[in-house]
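Enquirer:
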Amino acid sequence: MYKNLNLHNENGEWQMIFDICILAKYRKRGYAEKLLNQVISDVRAYRHGLVLTCEDKFIHYFKKIWI
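With the UniProt record's numbering, letter number 39 in the sequence shown gets 39, and the count goes up by one each step, no holes.
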């Protein structure tokens, strides 16, 4: 899955996000949250689900936003 991008179906019912990268000079402006909220909105409208993966050190960030 991680090495062969041909397995990705961009029109599939489920989508997966592996990482969010924001340039240092644009951090702490809410861009990652806005981007992820838009992705979640699109997934709810057109798909069945979304899988978000992240390093353990970022889990607190996503919990703060969505839990």
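Glycine included, every Cβ here is placed at the ideal spot set by N, Cα and C. Remember, predicted model here, so these are calculated numbers, not experimental data.
Indicate, with yes or no, if the ligand NAP has a heavy atom lying under 7 Å from the CB of Phe18.
Expert: For the structure depicted, the ligand NAP is absent and the ligand set is empty, with no information on it obtainable.
Enquirer: Can you tell me whether residue 89 is helix, strand or coil according to DSSP?
Expert: Residue 89 lies beyond the stretch modelled for the chain, which goes from 1 to 67, so this question has no answer here.
Enquirer: Beta-carbon within less than 6 Å of Ile20's beta-carbon, same chain only, minus the 5 sequence neighbours each way: which residues are those?
Expert: In the sequence shown, counting from the first residue as 1, residue 20 sits at position 20. Within the same chain, Ile20 has close Cβ partners Ala32.
Enquirer: Taking the C-alpha atoms as reference points, what is the distance between Arg44 and Gly12?
Expert: Working through the sequence shown from its first residue, we reach residue 44 at position 44. Working through the sequence shown from its first residue, we reach residue 12 at position 12. Distance between the alpha carbons of Arg44 and Gly12 is about 13 Å.
Enquirer: Can you tell me where the alpha helix (DSSP H) holding Ile40 begins and where it ends?
Expert: By one-based count along the sequence shown, residue 40 stands at place 40. Run containing Ile40: 31-46, per the alpha helix (DSSP H) assignment.
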